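One structure is given below, encoded as structure tokens.
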Amino acid sequence: LTTDCLLSVSIKLVQNDYCLFEKVSLNSDDFRHVIEIYNFPFIFTTEDLLEAFAKYSDGGIKINWVDNTHALGVFSSEAAALHALTIYHPLIKTRKLSDGSTKAKAKAMRQAEFIQPVKERPRTDCVVAKRMVTRALGIQGRELLTKIWVKQESKSRKRFCITRAFSVIQQ
């Protein structure tokens with residue numbers, strides 16, 4: 008055994024301050040429309056939470072899961088979120104995100120761009136739907152009506168010709 012290749016090894020202790028990772032500071036103005044929903048059974052689904060908050064979600068609600076028993080409720084406004092904090096449910100607890108758990112705050116910070124206030128989907132009717140379809144197809148309104156009329160006209164001509172041909176054959 009030779010000791011020609013001895014290396015000098017030194018061990019340095021890692022100096023990390025993990026206290027920085029414990030507290031997550033939020034700008035409270037950015038997340039006033041978000042509440043933390045917590046302490047509910049792990050078997051709850053998104054639909055269960057939406058059903059529990061149905062009365063409080065006039066402008067809409069979106070659920071972002073933190074873990075099996077924590078979720079973020081994203082509302083359309085601060086007023087809607089404050090109204091949802093008054094919920095009485097035997098299996099669900101709520102609190103402002105500013106008073107929430109570190110995990111919930113961290114989730115909100117990571118997904119800040121996705122936790123914008125929920126906007127209610129605008130109502131649609133036949134006129135809006137027709138306009139959307141015609142624009143998607145690249146057809147102007149009158150052009151579409153003309154194409155439909157021409158198609159119906161050609162169908163009625165074909166029917167007329169077929170019925171006339173049958174009447175001639177039967178005679």
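Everything in the sequence shown is counted per my numbering, starting at 8 for the first residue and increasing by one.
C-beta atoms are modelled at their ideal positions from N, C-alpha and C, and glycine is treated no differently.
Model, not experiment: these values are computed from the prediction.
Under 9 Å between C-beta atoms of Ile42 and His77: Going by C-beta atoms, Ile42 is not nearer than 9 Å to His77.
Integer Cβ distance of Phe82 from Val140, believed to fall under 8 Å: Actually they are not in contact, since the Cβ atoms of Phe82 and Val140 sit about 32 Å apart, beyond 8 Å.
Residues that Ala78 bridges to, as DSSP identifies them: Paired residues: Ile44 and Trp72.
Local Cβ density within 10 Å of Phe60, reported as buried at 16 or more and exposed below that: It counts as buried.
Val73 and Lys103 closer than 9 Å at C-beta: Inclusion of Val73 and Lys103 in the CB contact set at 9 Å is not warranted, their separation being larger than that value.
Proximity winner among Tyr95, Ile99, Ser64 and Lys162, relative to His40 (alpha-carbon distances): For His40, the nearest C-alpha among the options comes from Ser64.
Neighbourhood of Glu1 by C-beta distance below 7 Å, restricted to the same chain and skipping five residues each side: Nothing about residue 1 can be read from this structure; the chain reaches only from 8 to 178.
Contact belief for Gly66 with Ala87 at Cβ below 8 Å, rounded distance in angstroms: 5 Å between Cβ atoms; contact.
CB of Leu98 within 9 Å of CB of Phe47, strictly: A distance below 9 Å separates the beta carbons of Leu98 and Phe47.
Span separating the alpha-carbon of Lys112 from that of Thr93: Distance between Lys112 and Thr93, taken at the CA atoms: about 21 Å.
Integer-rounded CB distance, given that Asp37 should sit under 8 Å from Ala119: Confirmed, about 7 Å.
Whole-angstrom distance between Ser17 and Ser105, CA atom to CA atom: CA-CA distance, Ser105 to Ser17, rounds to 45 Å.
Strand pairing of His96, partner residues [DSSP]: Beta-bridge pairing links His96 to Ile99.
Cβ distance (whole Å) where Ile68 is taken to contact Thr53 below 8 Å: With a Cβ gap of about 10 Å, Ile68 and Thr53 do not count as contacting.
Run of the alpha helix (DSSP H) containing Lys114, from where it starts to where it stops: DSSP places Lys114 inside the alpha helix (DSSP H), whose first and last residues are Thr109 to Arg117.
Leu20 - DSSP class collapsed to helix/strand/coil: Leu20: coil per DSSP, three-state reduction.
Gly80 vs Thr101 beta-carbon contact at 9 Å: Between Gly80 and Thr101, the gap from beta carbon to beta carbon is short of 9 Å.
Coil, strand or helix - Ser15 by DSSP: Reduced to three states, the DSSP call for Ser15 is coil.
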